[in-house]
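In our numbering, the protein residues as written are 4 to 217.
First up is the structure itself, then whatever we jot down about it.
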C-alpha cells in the first residue's frame, strides 16, 4: 500500500455508491490501481467499502469509506478485515509501517514485516499475505499465483532499469523511467520503494523521488 489523497468535495452519493461518477473519481484518486495489492488496471474492479457497511446506510454511502480494489483482494478482505491501515490517512504511515520484500526470481513469494507495531499494521500484514500468498481455496491459490507472476515481471523490469542507470553514462532516460516506477501511479509501488530503501546506495540516489511519507 501507498498513500493516496482522496479528492474533495465528495461526489453526489445520495442513493447509490455504484455510479459512474463515483467510479471515475475513485479511478483517478487511486491511479486506477487496487489499493491493497496495487495491481495496475485490474480486469475486475470493485468499489470497496474500507469499513464493511453490513447494512449501515451511512457507511455504505460515505465517500471517505469508498475505495478502489480488485475483485481478488475485495473477496479476501470481505467483512473480515475492518481494522486496516488507511491509505488515505497520512497519520497511518502506510508507506513505512510495513516492510515489503520480494526477490524478482522465479517462484518467489513476497514477505511482509510490520515495522511500526499496531493492531492495524498486523491486520494489514495478514491481509497482504492472504492476497499475495493465499492458498485457502483452489481459486484463490490460482489468483494469488497470477498476482505474484505480475509482481515478479514488474520487479524484473524495475531491477533492469536500475542496472541500466548505473551502467550507462547517458542515464537520463533511465532516471525518468525509474522515477515513473517509484510514483504512486505505477504497479506495485510499495515493493519498488522498499528496494530503494533497503540499499544505502540506491537510497542516497533515489530517496528524493519517494520521500518517507507518503
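Beta carbons: idealized from backbone N, C-alpha and C, even for Gly.
Between the stretch 11-26 and the stretch 73-91, the count of Cβ pairs shorter than 8 Å is below three; the stretches do not touch. If only uninterrupted alpha helix (DSSP H) runs of at least 4 residues are considered, those enclosed by the stretch 100-171 are 122-136 and 141-170. Residue 102 and residue 68 have their C-alpha atoms roughly 25 Å apart.
Between residue 177 and residue 164, the C-beta gap is smaller than 7 Å, which places the two residues in contact. Sequence-distant partners of residue 122 (beyond 5 residues in either direction) whose C-beta falls short of 7 Å from its own C-beta, in its chain, are 86. Between the alpha carbons of residue 81 and residue 191 lies a gap of roughly 22 Å. Boundaries of the beta strand (DSSP E) around residue 49: 48-52. Under the DSSP assignment, residue 40 falls outside any alpha helix (DSSP H); it carries neither an H nor an E label. With a threshold of 16 other beta carbon atoms within 10 Å, residue 109 falls short and is exposed.
Take the alpha-carbon of residue 169 and the one of residue 208: they are about 11 Å apart.
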